[in-house]
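Participant:
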Amino acid sequence: MEYENLSIGFIGIGVMGKSMVNHLMQGGYKVYVYNRTKEKADSLVQEGATWCDTPKVLVKQVDVVMTMVGYPHDVEEVYFGIDGILEHANEGTIAIDFTTSTPTLAKRINEAGKSKSVYTLDAPVSGGDVGAKEARLAIMVGGENEIYDKCLPLFEKLGTNIQLQGPAGSGQHTKMCNQIAIASNMIGVCEAVAYAKKAGLNADKVLESISTGAAGSWSLSNLAPRMLKGDFEPGFYVKHFMKDMKIALDEAEKLQLPVPGLTLARELYEELIADGEENSGTQVLYKKYIRG
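Per the working numbering, residue 1 is the first one in the sequence shown, and the count goes up by one each step.
Here it is as structure tokens:
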């Protein structure tokens, strides 16, 4: 793959997608963009990205197409739809899906792509808005070694912890491990912060002490300070985390694996959605403790 003249398409300009496109453009790549809501891409177009009216138009222009959309049904539409990637991509195109989706769908896309000489990787990410802005995402990749090696220089523009986990679907399975760990950890972070406040401690100083010890985690370092400030703006939406937890629960059931921590976390977030918090950041779970 000739990286000097490489053209990249990016479908899905959300909280993280915008930062990812910026890094690719700063890396010298020509980037074409599409989003259902055009206004979300306006700033990128002003900075040099090329707008495309449909995925069909976009995919015909590029060597590599990247997708980061909301839900598995969005992934299905953008890959298998009438104007979708697999219907219109040129032979030899590489398609990378950064969306957190299902392992089964990742495998379907991979098989369908092979029949059209389109090569695919499932590459969900972790690190939230901060990781995307700072190009420090963890990228968990499923697919073939050869395609992964070709795309590694692109991944390195976006993240610092990049691992090929195995064949198609393995990236999504790894992301489920990530989300299972986060779900229970988020409960622990909220309870630790609530405990510090109830005990009359300076919660900021408590975080300074415990963030670097055995309790340390990304959520403790990045989201607990937001909780204390009452900042519940989304780095990662509750509604998207709920989607991820549902996928993880479904996959765990297929594996006949009990996941009581994940089950509890999903119940708590369901209550938050009932309270109208679906568009808040995942750190809004803390509200359940300060209300009490």
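C-beta: ideal position from N, C-alpha, C; glycine also.
For Gln61, which residues from the same chain have a beta carbon less than 8 angstroms from its beta carbon, with the 5 sequence-adjacent residues on both sides left out?
Facilitator: By one-based count along the sequence shown, residue 61 stands at place 61. Contacts found: Ser7, Gly9, Tyr32, Thr50 and Cys52.
Participant: Taking only three categories from DSSP, how would you classify Tyr294?
Facilitator: Nothing in the structure corresponds to residue 294, since the chain is present only between 1 and 292.
Participant: Could you tell me which of Tyr289, Lys197, Thr54 and Val65 sits nearest to Met20, measuring between CA atoms?
Facilitator: In the sequence shown, counting from the first residue as 1, residue 20 sits at position 20. With distances taken between Cα atoms, Met20 lies closest to Val65.
Participant: Which class does Asp63 belong to by DSSP, given the choice of helix, strand or coil?
Facilitator: By 1-based counting over the sequence shown, the position of residue 63 is 63. Looking at Asp63 - three-state DSSP - the assignment turns out to be coil, as it is neither helix nor strand.
Participant: Taking C-alpha atoms, which residue in Thr67, Ser43, Cys177 and Gly27 lies nearest to Gly12?
Facilitator: For the purposes of this step, residue 12 is taken as residue 12 along the sequence shown, with counting starting at 1. Of Thr67, Ser43, Cys177 and Gly27, the residue nearest in Cα terms is Thr67.
Participant: Out of Ala138, Gln165, Thr160 and Glu156, point me to the one whose CA is closest to Leu121's CA.
Facilitator: Residue 121 sits at position 121 when you count from the first residue of the sequence shown. Minimum Cα distance to Leu121 is reached at Gln165.
Participant: What residue does the alpha helix (DSSP H) around Asp122 start on, and which one ends it?
Facilitator: Against the sequence shown, residue 122 aligns to sequence position 122. Unbroken run through Asp122 is the beta strand (DSSP E), Tyr119 to Asp122; no alpha helix (DSSP H).
Participant: Straight-line CA distance for Ala265 to Ile182?
Facilitator: On the sequence shown, position 265 is the one that residue 265 refers to. On the sequence shown, position 182 is the one that residue 182 refers to. The straight-line gap from Cα to Cα measures roughly 10 angstroms.
Participant: Please classify Ile273: does DSSP put it in a helix, a strand, or coil?
Facilitator: Residue 273 sits at position 273 when you count from the first residue of the sequence shown. Three-state result, Ile273: helix.
Participant: Whose C-alpha, out of Ile82, Glu77 and Leu207, is nearest the C-alpha of Asp97?
Facilitator: Taking the sequence shown and counting its residues from 1, the one referred to as residue 97 is at position 97. It is Glu77.
Participant: Anyone know if the C-beta pair for Gly84 and Pro124 falls short of 7 angstroms?
Facilitator: Sequence index remark: in the sequence shown, residue 84 carries index 84 (1-based). Sequence index remark: in the sequence shown, residue 124 carries index 124 (1-based). Cβ atoms of Gly84 and Pro124: not closer than 7 angstroms.
Participant: Checking 7 angstroms against the spacing of the C-beta atoms, do Val118 and Thr93 come in under that value?
Facilitator: To locate residue 118, count along the sequence shown from 1; it is residue 118. To locate residue 93, count along the sequence shown from 1; it is residue 93. Their beta carbons are under 7 angstroms apart, which means Val118 touches Thr93 by this criterion.
Participant: Only counting the same chain, and skipping five residues up and downstream in sequence, which positions put a Cβ closer than 8 angstroms to that of Gly216?
Facilitator: The residue given as residue 216 occupies position 216 in the sequence shown. Closer than 8 angstroms at the Cβ level, and outside the excluded window around Gly216, lie Ile210.
Participant: Is DSSP giving Leu137 helix, strand or coil here?
Facilitator: Along the sequence shown, read from residue 1 onward, the residue named residue 137 stands at position 137. Reduced to three states, the DSSP call for Leu137 is strand.
Participant: Using three-state DSSP, classify Leu152 as helix, strand or coil.
Facilitator: For the purposes of this step, residue 152 is taken as residue 152 along the sequence shown, with counting starting at 1. Reduced to three states, the DSSP call for Leu152 is helix.
Participant: Can Arg226 and Gln283 be called in contact, C-beta distance under 7 angstroms?
Facilitator: Within the sequence shown, the letter at position 226 stands for residue 226. Within the sequence shown, the letter at position 283 stands for residue 283. Yes.
Participant: Whole angstroms are fine: how far does the CA of Pro167 sit from the CA of Ser219?
Facilitator: Stepping through the sequence shown from its first residue, residue 219 is reached at position 219. Stepping through the sequence shown from its first residue, residue 167 is reached at position 167. C-alpha separation (whole angstroms): 29 angstroms.
Participant: Quick one: using the 10 Å Cβ neighbour count with 16 as the cut-off for buried, is Asn202 buried or exposed?
Facilitator: Residue 202 sits at position 202 when you count from the first residue of the sequence shown. Exposed.
Participant: Out of Thr212, Val206, Val238 and Thr104, which one is the CA nearest neighbour of Gly70?
Facilitator: Taking the sequence shown and counting its residues from 1, the one referred to as residue 70 is at position 70. Nearest option by C-alpha distance: Val238.
Participant: Quick check on the burial criterion: 16 or more other C-beta atoms within 10 angstroms. Buried or exposed for Gln256?
Facilitator: Working through the sequence shown from its first residue, we reach residue 256 at position 256. So Gln256 counts as exposed.
Participant: Buried or exposed: Ala214, going by 16 or more other Cβ atoms within 10 Å of its Cβ?
Facilitator: Start at 1 with the first residue of the sequence shown, and residue 214 comes out as number 214. Flag for Ala214 reads exposed.
Participant: Roughly how many angstroms separate the alpha carbons of Asn110 and Asn90, rounded to a whole number?
Facilitator: To locate residue 110, count along the sequence shown from 1; it is residue 110. To locate residue 90, count along the sequence shown from 1; it is residue 90. Rounded to the nearest angstrom, the two C-alpha atoms are 15 angstroms apart.
Participant: Terminal residues of the continuous beta strand (DSSP E) containing Tyr34?
Facilitator: Taking the first residue of the sequence shown as position 1, residue 34 is located at position 34. Its beta strand (DSSP E) spans residues Lys30 to Tyr34.
Participant: When DSSP labels each residue in this structure, what does Val21 get in the three-state scheme?
Facilitator: Start at 1 with the first residue of the sequence shown, and residue 21 comes out as number 21. Three-state result, Val21: helix.
Participant: In chain order, what are the residue ranges of uninterrupted alpha helix (DSSP H) at least 4 long that sit wholly in the stretch 189-221?
Facilitator: Fully enclosed alpha helix (DSSP H) runs of 4 or longer: 203-210.
Participant: Between Leu86, Leu105 and Ala138, which has its C-alpha nearest Lys116's C-alpha?
Facilitator: One-based indexing of the sequence shown puts residue 116 at position 116. Of Leu86, Leu105 and Ala138, the residue nearest in Cα terms is Leu86.
Participant: Could you name the residues of the same chain whose beta carbon sits closer than 7 angstroms to that of Met176, not counting the 5 residues immediately before and after it, in chain order?
Facilitator: Taking the first residue of the sequence shown as 1, we reach residue 176 at position 176. If we look at Met176 and ignore the five residues flanking it on each side, its Cβ neighbours are Ile247, Ala248 and Glu251.
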